[in-house]
Each structure stands twice: as structure tokens, then as C-alpha cells.
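Here is the structure we will look at, set down as C-alpha cells.
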Amino acid sequence: MTDSTGSDGTSSRLADAVMPRWLHGGMRLLTITLGAAHTAVAVMQQSMNEDGIDYLDMGAAYVRGDWEMAVNGIWSPLYSWILGVVIHVIEPSPRWEFPTVQITNFFVYAVALLCFEYFWRQLTKSRAVGGKAIHRSMSFHPAVWLVLGYSLFIWSSLNLIEIWAVNPDMCVAALVYLAAGLFIKLSQSPGSDSVALWLGLVLGLGYLAKAAMMPLAVVLILLTVLIPADGSRRLRRLAVITVGFLAIAGPFMAALSSQYGKLIFSDVGRFTYLKHVNEMPYPNFHGALHRLAGEPVHPPRRIFDKPAVYEFAEPVGGTYPMSYDPGYWTEGLSPTVEVAQQARAVATQLMAYFDLFFRTQGGFTAIALLLLLASARAGQTAKASVIGLLLSIWAISAFGLYSLVHVTSRYIAPFVVVFWAGLLGLVRLPDGPQFRRLTHASGALLVLFVWINIAALNLEGLAAMTGFSPLSESGSQASQFSDSHSADHPAIAEALLAQGLEPGDEVGFIGYSFSAYWARLARLRIVAEIHPEDIAAFWTADAERQHQVLQAFAETGIRATISEPIGSGSPPPGWEQVGATGYLLYQFP
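Residue numbers in the sequence shown follow this note's numbering, run continuously in steps of one, and reach 629 at the last position.
Quick look at the structure:
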């Protein structure tokens, strides 16, 4: 169950350390099968999320060469390039666009798996090299180590990132794993310029996948200084990595800085801090301006009061301009660091980490800490390679970065894997019956605890699909302002086009525009809206007031106004049913 190294470097129990040939292929097949199963469900359910619409819009802008619209300080470009090319080549119908995106996500998942396998191989080699330097030591059996690695990948990809989510986090995971593997490779070949260059290039791609990878790339680059080498080689290595990073990241940073008129690598930090720490509501932030610093330079235009109607047709593009570039609409508002707000934000994020590491992963964390404590007391950890520790420090820096503003599981998923891999790679115990029993039991329990979480997710999903989910009623909370998540978006899009609207038409919307995915499928632009909290005020107003509101919509030049369902019965005068979807359409002459 363990690998054991004697003074002559020969395993005292070599036969036990032989890994079954089928195990690697079996775990890879299991990983692919589970990913494919989740993708199949997402395809059947026409799964989409709010961020995904913006990445699709951005990808389309890049493909058609609309650089002014494409370069965006909120959404990073790499994932949009992938989606843009796929949609441009396949040209799916409205009913097949979201399934095409989900299948694309599956291929990104497969690439992430390959990157993870590279990382795990490099880490395994590093552990083996470190183990040979320690007299009569032992650690996890190679088979257990392999199964544990695949299990962590499956758990992080399906439970934390969620393969069906249309966002760049699976791309980020792939690049984090690849960067971690190259970092380990660099420690084994400290004088290799090619490995250093590849590490820089991969970190540059990481920045193009997610802006938060910029500071995290800097952290990893600085950590390479701690990899043993003479002074001149360290400086050369640092320079080569930096050149590779800037070669990939530099052009986009230059384009973004040109657009903003100042040196900048992203605007997402400002907006996220305003939203999650300064508690700015969005898109309806007008009522909070009295407690925010600064004044918006070009906020959406309020064209009617009671109920409030906002217009935002120009100059931002996209299906829903308020979502496509929040940085533009909130330009002029500055984040303010207040002790109470910051403390509340940090406390919230710490609770999220507590929930992940001590509730969701409580058993896993306890076993890992026990093994590390046993290694330390046995005097083995200090002798092991520092590479695992450096990777754990990189992961901790990611946890710290997100703890200041906002964290969700998908942001930190690959770093959780790197964190545990780095620490568990340090486990090295004296070779003896007592420690052998400890590693036997601990290895099995670590794998078991991971699979309990994986099984729980899949059982919950299966229960929800079959209608037996005990959480089915609570699902209504996600739709308290809107039914858009449960709506048949392809049917809405097809009906709108059949009833006379055309791709490129601008429309108004009475409802929650962020999840009006049908607009993307029909290639419509929502450029005016009544927010969800004012829907009731519109529909309970008298006929004269409703006419005035619709006239305000019409004066923006839009083709029609669409409303979410308002209940059963015949549509109000002037409105028509959108197919059998329950949505309503009011077309202007």
C-alpha cells in the first residue's frame, strides 16, 4: 500500500508498489464518463447562465472584428474566443446553440483533465525523488495516490466548478494545473529555458482566461526564485518567464489600457469591490448613489418614473448592454475601503472557506492534518521537497486574494486541488507496521470522503431530475423576481421570430433581463427595461399610466416590448401571447 525506500534505494516491498495496468485507464474513463453524463443532462435542460450570454456576445464580436465592442474590462477574452469560433463554425439553430456551448464545455473539461494528468505526473515524480533522499521512509501507495488525484479532479470539476456552467473557470483550472506541473518540472530542470518560457506563456494565457490570474501569476513567478539554482540562473529564469508572460498578456493589456486611457489590466476588481464590499445594487444602483463615492459618468438613462423605465441602447453592445459592460455604466464610481464593510466582507468569505474545508471537506481535512502532523512528529516533512509547499503557498495566495472581496467555489476550485496536492505530497512517514497501517487507513478514507461529496452531488441531481428532490420547493428562491431560469428559451426565441421580430431588433423588457437568454437566441438586444421590483407597479397601474409607459418605450425607437408571464387569462389589450410560453409581446407600429 506504500512506497518504501531503504538505504540502498531499493524498495523493501516492491511487489506491493506495483500499480495495476488497468487502473490509470479506468480512472480516466470514469472521469470522462461522469463529465459526459453531466454534459448530457445540461444539453437536455438547455442549461445556460447569465455570464455565458456575455461571453457568447464577446466571442461573436471578436469573430466579426468588432474590436471596440470586443475589448472589455470586465470579461476576459480567452473563453469568449473559444465560444466565438465554435458558434461561428457550427452556426447552430436557436434550439441547438446552448447545447453546442455545453458540448464545447465538455471538450474544455477534457483538456483540463489532460493538464491535470500532467500536473499529477510531475508531482508524483517529485515525491519519488524526494522519497529516495529519506532513509527507510514510506508514503501513499502509487495506486491510492493515483485514485486520490483523479477523485480530487472529478470533485473540483463537477462539484465546485460545475462543468455545465458557461464561464471561463474550467479554462482557468486547466491552465492552473498546467502551470503547477511546469513549476514542478522547472524545479527538476532549473536551467531549462524552454520550461521557463512555457511557464510564462501558460501564465499569460491564465490572465487572458481570468483577470485574477494576473496577480496570481506574479506570485508564482516570484516563487520560482525559491527554486534552487545559482544566482545568474535564477535571474535568467525569472527573465525568461516574464518575457513569456508579457508576450501573451501584453497585447491585451495594451488594448485595454488604450480603451481606458490609462494603464490597466482589468476593471473587474473595481466593479466587484463596489458590488460585494460597498454593497452597490446592480443594475439598479441609482438609489444607492448617496452612499457611494463619486458620480457615474454615463449611467443608464431614466425615461419614466413610477414605474421606473431605463434606456441604455448606446454605446455599449451585447444582448443586454447593462450586463455586457458594467464597468462602462458605473464609470466614475470609486470603491471605498471602510473598516466595517471590509471586515464584514472578509468574515463572509472566511465563512465560505470554513464551509468548504470543515463542513464539506471536514473528514478529508481531519485526515490530511493527522498525516501532516504524524510526518512532522516523525521528522520526515522537513526533509521532503519544498516544491509541494511552494505550490500550497500559491494556492493560499489565491484564497487570500478572493477573501478580500468575494469568493465562490468555482473561483478557487483548482487551487483547492493544488493546495491539497502540495500538502499531501509532503506526507512521508518512517517505514514500520504502525505507520503502514496509518497510511493504509488514511489513504482509503481520503478517497472515501471525496467520493461521498461526489455521490451526494449526483444523487441530488438525480433526485431533482426525477422530481423527488426535497429541495425542489426552495428552488423558487432563485426565481423570486423571474421565471427566466425555468423558461423554454428556444421556444420563446422561435416564437418571437415567427411573430415578426428580426435578428438585430432592439426591444424593451419588463422583467429580469440578466437571465433573458431567449434574447441571445433570437439575436435581439434588450435596450430598455422595467426592473423586476417594479413589474407589479406596471401591471397594477391604470390603462392610462400603462399607455404612457409604453409610449416612453416606443420613443426610444425599439421594435417591441416583451414581458414575463403575468398569470393565466387573456393578454391585456394590445399585447399578444408569445407562442405557448406565457410571455407577452407588444409590438410598436
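C-beta: ideal position from N, C-alpha, C; glycine also.
Query                                                                                                                                                                                        : Result
Residues in its own chain within less than 7 Å of residue 611 by CB, not counting five upstream and five downstream?                                                                         : 617, 624
Here's the rule: buried if 16 or more other CB atoms are within 10 angstroms of the residue's CB, otherwise exposed. What is residue 123?                                                    : buried
Just to confirm, is the Cβ distance from residue 246 to residue 212 under 9 Å?                                                                                                               : yes
Thinking just about the alpha-carbon of each residue, which of 466, 465, 480 is nearest to the one in residue 472?                                                                           : 480
Check for me: the alpha helix (DSSP H) holding residue 489 runs from which residue to which?                                                                                                 : 473-506
Note down the Cα distance separating residue 121 from residue 593, rounded to an integer number of angstroms.                                                                                : 34 Å
Which of the three DSSP states, helix, strand or coil, is assigned to residue 444?                                                                                                           : coil
Under a Cβ-count criterion, where at least 16 other Cβ atoms within 10 Å of its own Cβ denotes burial, should residue 61 be classed as buried or exposed?                                    : exposed
Can you tell me which residues form a DSSP beta bridge with residue 601?                                                                                                                     : 548, 626
Within the same chain, show all residues whose beta-carbon is closer than 6 Å to that of residue 159, passing over the 5 residues directly before and after it, in chain order.              : 217, 220, 221
For residue 459, list the residues DSSP reports as bridge partners.                                                                                                                          : Its beta-bridge partners do not exist; DSSP assigns none.
If we ignore side chains and look at the alpha-carbon of each, how far apart do residue 389 and residue 447 end up?                                                                          : 6 Å
If distances are taken between C-alpha atoms only, which option among 263, 198, 318 comes closest to residue 449?                                                                            : 198
To the nearest angstrom, how far is it from the Cα of residue 234 to the Cα of residue 287?                                                                                                  : 15 Å
Can you tell me the Cα-Cα spacing of residue 139 and residue 82, whole angstroms?                                                                                                            : 7 Å
For residue 456 and residue 71, what's the separation of their Cα atoms in angstroms?                                                                                                        : 18 Å
So what does residue 344 bridge to, in DSSP terms?                                                                                                                                           : 349
Just tell me which of 119, 557, 579 has its CA closest to the CA of residue 135.                                                                                                             : 557
So which of 609, 361, 507 has the shortest CA-CA distance to residue 549?                                                                                                                    : 361
Among 80, 104, 428, 601, which residue has its Cα nearest to the Cα of residue 129?                                                                                                          : 104
Please work out which residues of its chain come closer than 6 Å, Cβ to Cβ, to residue 238, disregarding the five sequence neighbours upstream and downstream, and give them in chain order. : 222
Quick one: what's got a C-beta closer than 6 Å to residue 367's C-beta in the same chain, skipping five residues either side?                                                                : 113, 114, 307, 311
Just to confirm, are residue 358 and residue 88 a CB contact at a threshold of 9 Å?                                                                                                          : no
Could you spell out where the beta strand (DSSP E) holding residue 356 opens and where it closes?                                                                                            : Element bounds for residue 356: n/a, residue is neither H nor E.
Please report the residue range of the alpha helix (DSSP H) in which residue 72 lies.                                                                                                        : 61-84
Measure how close the beta-carbons of residue 231 and residue 273 come, nearest whole angstrom, since I'm counting them as under 8 Å.                                                        : 6 Å
Taking the alpha-carbon positions, what's the residue 20 to residue 395 distance?                                                                                                            : Here the chain has residues from 41 to 629 only, and residue 20 is not among them.
For the beta strand (DSSP E) that contains residue 569, what are its first and last residues?                                                                                                : 565-570
What does the alpha-carbon distance come out to for the pair residue 513 and residue 622?                                                                                                    : Bear in mind that the predicted position of residue 513 carries a pLDDT of just 43, short of 50, making it unreliable; the figure below should be weighed with that in mind. Approximately 21 Å between the Cα atoms of the pair.
Could you tell me which of 166, 202, 602 sits nearest to residue 463, measuring between CA atoms?                                                                                            : 166
Please tell me whether residue 579 and residue 602 are closer than 9 Å, where the distance is taken between their beta carbons.                                                              : no
Check the C-beta distance from residue 256 over to residue 437 and give it rounded, since I have them as a contact under 8 Å.                                                                : 6 Å
Can you have a look at residue 432 and say buried or exposed, based on whether 16 or more other CB atoms are within 10 angstroms of its CB?                                                  : buried
Round the Cβ separation of residue 363 and residue 411 to the nearest angstrom and send it over; I've been treating them as touching at under 8 Å.                                           : Not really, about 46 Å apart at Cβ, beyond 8 Å.
I need the DSSP call for residue 98, collapsed to helix, strand or coil.                                                                                                                     : helix
If you compare alpha carbons, which of 95, 187, 355 is closest to residue 485?                                                                                                               : 187
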